[in-house]
Amino acid sequence: MENVFAPKRDHGIFSWSDLENIREGRGSLGENMPVMVYRLMQYTMLDVLTKEFGREKANDYIRSAGHLAGTEFASHVLDLKVDFDTFVANLAKTLIDLKIGILRLETFDQNTGEIVLTVGEDLDCSGLPITNESVCDYDEGFIGGIVEKYTGKPYKVKEIDCWASGDRVCRFKCTAA
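Heads up: the sequence shown runs through residues 1 to 177, numbered per my numbering.
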C-alpha cells in the first residue's frame with residue numbers, strides 16, 4: 001500500500017536527503033562496502049554513457065556528477081568558515097576517515113589561487129592496470145566542487161598524473177576559472 005503521507009521524490013533531481021539514514025537501513029551490513037562495488041557502479045555507468053554519447057561526453061557527465069557530489073559534500077560535511085590551512089587539514093582527515101583517499105596539498109599560490117594536490121589510494125584508480133591515460137574524471141569534478149564551494153569561485157581541475165598512467169598517486173591542478 002502506498003504511503004500517501006510520504007513526500008514525493010523528484011527522481012533525477014539530487015537532494016542530500018536522498019542519502020537518508022544509512023545506519024538505520026543497513027543495521028546488519030553497516031555503512032561500508034568494498035571499493036570493487038563502487039568501481040563496478042562507476043565503470044559500468046561510464047560504459048553505458050560512453051556507448052550512448054561517446055567517450056568525451058560520457059567523461060563530461062561523470063565529471064559533472066563529481067562536481068555536484070563535491071559541492072554537496074562540502075556543504076553538508078565540511079566546515080566552510082575556517083581558514084584555508086584548517087580547511088585543507090579537515091578535508092584531508094575527512095577523506096581518510098571516509099576511506100576516499102589520502103589528500104596531500106603540494107602547492108598553493110595565494111596570488112592566483114592555483115592549487116596542486118595529490119590523492120593517494122583513491123577510489124577511482126589505485127590498483128588499476130597501467131593504460132597510459134588519466135581516468136579520474138569524477139575526482140576532477142569532486143575536487144572542483146569542493147574547492148568552488150569553499151572559495152565561492154569556479155575552478156577548473158585537471159588530473160595531471162594518475163595511477164593508470166603509471167604514477168602511484170593522482171595529482172590534480174586546480175585553477176580559478
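Note that beta-carbon positions come from the ideal geometry of N, C-alpha and C, so glycine has one too.
- Taken atom to atom, the span from the alpha-carbon of Asp-79 to that of Asn-59 is near 29 Å.
- Taking the C-beta atoms as reference points, Gly-141 is found no nearer than 8 Å to Arg-39.
- Residue burial annotation: Glu-159 is buried, with at least 16 other C-beta atoms found within 10 angstroms of its C-beta.
- Inclusion of Phe-73 and Ile-146 in the CB contact set at 8 Å is warranted, their separation being smaller than that value.
- For Cys-125, the closest of Arg-171, Thr-107 and Asp-109 by C-alpha to C-alpha distance is Arg-171.
- Assignment of Leu-105 by DSSP, reduced to helix, strand and coil, places it in the strand class.
- One alpha carbon belongs to Ile-96, the other to Lys-57, and they sit about 31 Å apart.
- In the three-state DSSP reduction, Gly-152 falls in the coil class, being neither helix nor strand.
- Contact between the segment 127-134 and the segment 161-169 is present: three or more C-beta pairs spanning the two stretches fall below 8 Å.
- With a threshold of 16 other beta carbon atoms within 10 Å, Val-82 falls short and is exposed.
- Residue burial is scored here from C-beta neighbours: His-67 has at least 16 other C-beta atoms within 10 angstroms and is therefore classed as buried.
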